[in-house]
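Chemist: First the structure, then my questions, so here it is.
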Amino acid sequence: MSQDAIPMTREGYEKLKAELDRLRNVEMVEVTKRVAKARELGDLSENAEYHAAREDQGLLQARINELSDRLARAVIIDPSHLPRDTVVFGSRVKVLDLDIEEEEVFELVGPGQEDPDNGRILSTSPIAQGLMGHKVGDVVEIPVPRGVIRYKILDISLAQL
């Protein structure tokens, strides 16, 4: 796992913490009961219910480990102390896509607050990383899997975190 700090708001931190608590204290208990019940059915080598429950348990444990790691590396950011003239975590950025001449708005948020359909993208995403550190009027070229996106930054404000 990476050792980089993960910026997030108090709200995002609490949301991830609540999800972790639910996974550990509700879902893991349920899947453990399913494993035990399936084990009672006999021959484990041909017991599909047992193997499915064990797979679910493994996937759930992987998610628990991921959330635990994120929370351990979390750095709580107070949005009121962020600069307003430079794109940083917590910024709301209005850009013009220079290739298709359309305006877009992105809010750079931390884990637990992302909602790409509504323009809330992780501050660790390629687009957010490409915008970071730039100011109004800058033209930014961001390499993405489908090529290069060119944005002109039109406005920077504080996201509603």
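Okay, so the sequence shown: first residue is 2 according to our numbering, each after it adds one. Yeah, the Cβ is synthetic: ideal placement off N, Cα and C, and Gly gets one too.
#1: Residues in its own chain within less than 7 Å of P8 by CB, not counting five upstream and five downstream?
#2: Whole angstroms is fine: what's the gap from V32's alpha carbon to Q114's?
#3: When you compare only the Cα positions, how much space is there between V106 and P84?
#4: Would you check if there are 3 or more beta carbon pairs closer than 8 Å linking the region 93 to 103 to the region 152 to 159?
#5: Look at the alpha carbon of V145 and the alpha carbon of S126, and state the distance between them as a whole number of angstroms.
#6: Using alpha carbons as the reference points, say which of E102, V88, R151, L99 lies closest to L109.
#7: Run the CB neighbour count on A49, radius 10 Å, all protein chains shown included, and call it buried at 16 or more, exposed below.
#8: Ignore the nearest five residues each way along the sequence and tell me which others in L21's own chain have a CB closer than 6 Å to its CB.
#9: Taking just the CA atoms, how far does L72 sit from L17?
#10: Cβ of Q55 within 8 Å of Cβ of L24?
#11: Just tell me which of D100, V149, D70, M133 has its CA closest to the CA of Y14.
#12: Hey, how far is the Cα of L42 from the Cα of E28?
#13: Does DSSP put G148 in a helix, a strand or coil?
Modeler: Concretely, from the data shown:
#1: On the sequence shown, residue 8 is found 7 positions in, with the first residue counted as 1. In the same chain as P8, and ignoring 5 residues on each side of it, the C-beta atoms closer than 7 Å to its own belong to V76, I78, F90, G111, S124, in chain order.
#2: To locate residue 32, count along the sequence shown from 1; it is residue 31. To locate residue 114, count along the sequence shown from 1; it is residue 113. In this structure, the CA atom of V32 is about 27 Å from the CA atom of Q114.
#3: Walking along the sequence shown from the start, residue 106 turns up at place 105. Walking along the sequence shown from the start, residue 84 turns up at place 83. Their Cα atoms are separated by approximately 18 Å.
#4: Judged by Cβ distances under 8 Å, the region 93 to 103 makes contact with the region 152 to 159, as three or more pairs qualify.
#5: Looking up residue 145 in the sequence shown gives position 144. Looking up residue 126 in the sequence shown gives position 125. V145 and S126: Cα-Cα distance of roughly 10 Å.
#6: In the sequence shown, residue 109 corresponds to position 108, counting from 1. Cα-wise, what sits closest to L109 is V88.
#7: What you label residue 49 is simply residue 48 of the sequence shown in a count that begins at 1. Note on A49: under 16 other CB atoms within 10 angstroms of its CB, so exposed under the neighbour-count rule.
#8: In the sequence shown, counting from the first residue as 1, residue 21 sits at position 20. Excluding residues within five positions, the ones whose Cβ falls inside 6 Å are L68.
#9: Here residue 17 refers to the residue found at position 16 of the sequence shown. Here residue 72 refers to the residue found at position 71 of the sequence shown. Approximately 7 Å, taken between the alpha carbons.
#10: For this step, residue 55 is matched to residue 54 along the sequence shown. For this step, residue 24 is matched to residue 23 along the sequence shown. The sequence as given places Arg at residue 55; Gln does not occur at that position. Their beta carbons are not under 8 Å apart, which means R55 does not touch L24 by this criterion.
#11: Locating residue 14 in the sequence shown gives position 13, counting from the first residue. Residue D70 is the option with its Cα nearest to Y14.
#12: Counting from 1 along the sequence shown, the entry for residue 42 is found at position 41. Counting from 1 along the sequence shown, the entry for residue 28 is found at position 27. Their backbone Cα atoms lie some 22 Å apart in a straight line.
#13: Here the question's residue 148 lines up with position 147 in the sequence shown. DSSP places G148 in strand when its eight states are reduced to three.
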